[in-house]
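Student:
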Amino acid sequence: MISKVVKCPKCSYKTTVIGESGKKIIITCPKCNTKGNYLFPEEHQQLTKTSDSIAIEVNGLIKTFNGLRAVDNISFNVEKGEIFGFLGPNGAGKTTTIKAMLGLIHTNSGEIKINGYDIKPSGKDAKKFVGYLPERVAFYDNLTALQNLHFYAEIKKSSKEDCITLIEEFGLSDSVNKKVGTFSKGMVQRLGMARAILGSSPILILDEPSGGLDPRGVVLIRNKIREMKNKGTTIFISSHILSEIQEICDRVGIINKGVLVAQDTVSGLSKKLNLKPKITVELEKMSDDVVASVKKVKGVDKVEKIGKSIDVICDPKTKAKVILAIETAGGNIINLYTREPSLEEVFMRFTEVK
Ligand SMILES: Nc1ncnc2c1ncn2[C@@H]1O[C@H](COP(=O)(O)OP(=O)(O)O)[C@@H](O)[C@H]1O
Ligand SMILES: [Mg+2]
1 MISKVVKCPK CSYKTTVIGE SGKKIIITCP KCNTKGNYLF PEEHQQLTKT SDSIAIEVNG
61 LIKTFNGLRA VDNISFNVEK GEIFGFLGPN GAGKTTTIKA MLGLIHTNSG EIKINGYDIK
121 PSGKDAKKFV GYLPERVAFY DNLTALQNLH FYAEIKKSSK EDCITLIEEF GLSDSVNKKV
181 GTFSKGMVQR LGMARAILGS SPILILDEPS GGLDPRGVVL IRNKIREMKN KGTTIFISSH
241 ILSEIQEICD RVGIINKGVL VAQDTVSGLS KKLNLKPKIT VELEKMSDDV VASVKKVKGV
301 DKVEKIGKSI DVICDPKTKA KVILAIETAG GNIINLYTRE PSLEEVFMRF TEVK
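In my numbering, the protein residues as written are 1 to 354.
(1) So Phe139 and Ile237 are in contact, right, with Cβ under 8 Å, and what is the actual spacing, rounded?
(2) Ile135 to Ser293, Cα distance in whole Å?
(3) Please work out which residues of its chain come closer than 8 Å, Cβ to Cβ, to Gly307, disregarding the five sequence neighbours upstream and downstream, and give them in chain order.
(4) Quick check: what's the CA-CA separation for Ser75 versus Asn335?
(5) Using 8 Å as the threshold, is the stretch 91–99 in touch with the stretch 141–158, meaning 3 or more CB pairs across them?
(6) For my contact list, Lys278 and Arg349 are in at a C-beta cut-off of 8 Å; report their separation, rounded to the angstrom.
(7) Would you call the CB atoms of Asp250 and Thr233 closer than 9 Å?
(8) Helix, strand or coil for Arg136 per DSSP?
(9) I need the straight-line Cα distance from Val180 to Leu213, nearest angstrom please.
(10) Can you say whether Ser243 is buried or exposed, counting buried as having 16 or more other CB atoms within 10 angstroms of its CB?
(11) How would you label Ser201, buried or exposed, when you count the other beta carbons within 10 angstroms and need 16 or more for buried?
(12) In terms of alpha-carbon separation, which member of Lys63, Gly116, Gly171 and Asn177 lies closest to Gly93?
(13) Quick check: does the Cβ of Asp301 come within less than 8 Å of any heavy atom belonging to ligand 2?
(14) Please state whether DSSP places Lys296 in a helix, a strand or coil.
(15) Taking all protein chains shown into account, do 16 or more other C-beta atoms lie within 10 angstroms of the C-beta of Tyr376, making it buried, or fewer, making it exposed?
(16) Can you round the beta-carbon distance between Leu102 and Ile205 to whole angstroms, since I take them to be within the 8 Å contact cut?
(17) Taking 8 Å as the line, does the beta carbon of Asp72 fall inside it for any heavy atom of ligand 1?
(18) Could you check the C-alpha separation between Asn37 and Gly22 for me, to the nearest Å?
(19) Since Cys8 sits in a beta bridge, which residues does DSSP pair it with?
(20) Answer yes or no: do Arg190 and Gly211 have a C-beta to C-beta separation smaller than 9 Å?
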């Protein structure tokens with residue numbers, strides 16, 4: 001299923017339609033009742049950036065609890081087909097923002113649109129596009145995994161077979177007929193992911209999907225997220241596991257104390273902070289001459305000796321000069337790796353306690 005925003009040729013009213021790629025439907029304009037045909041584009045055209053390329057729009061969102069601003073005037077857009085990472089320390093306002101995006105809590109002010117639908121007057125329509133994994137996943141404890149999923153399958157117009165396939169994909173085949181009340185936290189989380197994906201909604205909103213999972217579960221979910229992106233799904237993911245996010249996200253937003261302090265690609269944020277890559281050079285034999293020689297190179301910020309290796313933080317264009325300095329000082333290089341600035345460094349800088 002794909003969703004498209006279409007404009008009425010008579011009154012220009014914009015409405016969102018969902019259907020299968022390559023299929024034709026008849027639409028009636030909700031405003032002026034004009035009827036017309038609409039042909040859904042083939043799947044590969046789905047990701048082209050047009051004016052209706054935004055999946056989630058949040059504008060000036062404010063939410064206070066007892067007078068304190070948990071979310072303080074946040075605005076961002078998530079493009080269709082991208083993975084947007086929403087990061088912030090505990091209590092930063094991630095879950096509150098997500099709940100507001102889904103119309104689950106009242107907000108003080110701000111506008112939120114999901115696939116062009118304002119969630120205030122059209123919450124039901126907007127939610128049709130979304131598969132949601134809440135921070136605290138809850139199921140009916142006295143129903144089995146399959147019975148629980150089947151309950152949601154009716155809402156999402158999916159089949160029992162889809163439920164079984166997803167339960168298997170999330171590694172719960174042995175527990176398909178076990179009551180969810182007997183599940184571990186990680187198993188409930190896996191079932192929660194299966195529920196979010198059920199019905200192949202065009203937008204996935206995942207609040208800390210790695211919570212309570214073992215490393216195998218983390219990899220499983222990361223691979224599933226990649227697979228969903230390849231199918232054209234828009235994914236909004238909040239997480240504190242920064243290395244996970246760095247690998248899969250197209251863009252990230254960093255929230256601190258309710259304020260969105262940064263949003264860009266990870267490399268864009270690194271550039272803004274002037275974070276430099278770290279080069280690790282492994283030598284056959286370490287010598288003080290080598291360290292002194294590297295320290296003298298213009299553009300080198302920091303040199304650290306660790307056993308037979310040295311870590312050098314410098315401009316990317318200084319790398320060749322560093323190698324030359326090592327060799328000139330008699331160092332014999334065995335291995336060399338470059339590590340780009342990590343999201344963790346970016347995150348720490350943007351959320352520094354001032
Ligand atoms: N229902 C609530 N009542 C009062 N305060 C709340 C409520 N929900 C969240 N908060 C407060 O709002 C802030 C943001 O919380 P939350 O959005 O859950 O953060 P995060 O998901 O980033 O960890 C925190 O200070 C939290 O204590
Ligand atoms: Mg949270």
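Virtual Cβ for every residue (Gly too), placed ideally from N, Cα, C. Model, not experiment: these values are computed from the prediction.
Tutor: A quick look at the data gives this:
(1) Stepping through the sequence shown from its first residue, residue 139 is reached at position 139. Stepping through the sequence shown from its first residue, residue 237 is reached at position 237. Not really, about 21 Å apart at Cβ, beyond 8 Å.
(2) Residue 135 sits at position 135 when you count from the first residue of the sequence shown. Residue 293 sits at position 293 when you count from the first residue of the sequence shown. Note on identity: in this sequence residue 135 is Glu, with Ile being the wrong assignment. Each residue's Cα considered, the two are about 52 Å apart.
(3) Along the sequence shown, one-based indexing puts residue 307 at 307. Within the same chain, Gly307 has close Cβ partners Met286.
(4) Position 75 of the sequence shown, counting from 1, holds the residue named residue 75. Position 335 of the sequence shown, counting from 1, holds the residue named residue 335. Taking the straight line from one Cα to the other gives about 45 Å.
(5) no
(6) Residue numbering aside, residue 278 sits at position 278 when the sequence shown is read from its first letter. Residue numbering aside, residue 349 sits at position 349 when the sequence shown is read from its first letter. So it is not a contact: roughly 15 Å between Cβ atoms.
(7) Reading the sequence shown from its first residue, position 250 is the one you call residue 250. Reading the sequence shown from its first residue, position 233 is the one you call residue 233. Contact flag unset, no.
(8) If you number the sequence shown from 1, residue 136 lands on position 136. Arg136 falls in the coil class under three-state DSSP.
(9) Sequence index remark: in the sequence shown, residue 180 carries index 180 (1-based). Sequence index remark: in the sequence shown, residue 213 carries index 213 (1-based). Going from the Cα of Val180 to the Cα of Leu213 covers about 16 Å.
(10) For the purposes of this step, residue 243 is taken as residue 243 along the sequence shown, with counting starting at 1. Burial call: exposed.
(11) Taking the first residue of the sequence shown as position 1, residue 201 is located at position 201. It counts as buried.
(12) What you label residue 93 is simply residue 93 of the sequence shown in a count that begins at 1. Nearest C-alpha to Gly93: Lys63.
(13) To locate residue 301, count along the sequence shown from 1; it is residue 301. No, Cβ of Asp301 sits at least 8 Å from all heavy atoms of ligand 2.
(14) Within the sequence shown, the letter at position 296 stands for residue 296. In this structure, Lys296 counts as coil in the three-state DSSP scheme.
(15) Outside the shown range of the chain (1 to 354) lies residue 376, about which nothing can therefore be said.
(16) To locate residue 102, count along the sequence shown from 1; it is residue 102. To locate residue 205, count along the sequence shown from 1; it is residue 205. About 7 Å; that satisfies the 8 Å criterion.
(17) By one-based count along the sequence shown, residue 72 stands at place 72. Incorrect: Asp72 has no Cβ contact closer than 8 Å to ligand 1.
(18) Along the sequence shown, one-based indexing puts residue 37 at 37. Along the sequence shown, one-based indexing puts residue 22 at 22. Rounded to whole angstroms, Asn37 to Gly22 spans 13 Å at the Cα level.
(19) The residue labelled residue 8 in the question sits at position 8 within the sequence shown. Paired residue(s): none; Cys8 is not in a bridge.
(20) Working through the sequence shown from its first residue, we reach residue 190 at position 190. Working through the sequence shown from its first residue, we reach residue 211 at position 211. No, these two residues do not count as a Cβ contact at 9 Å.
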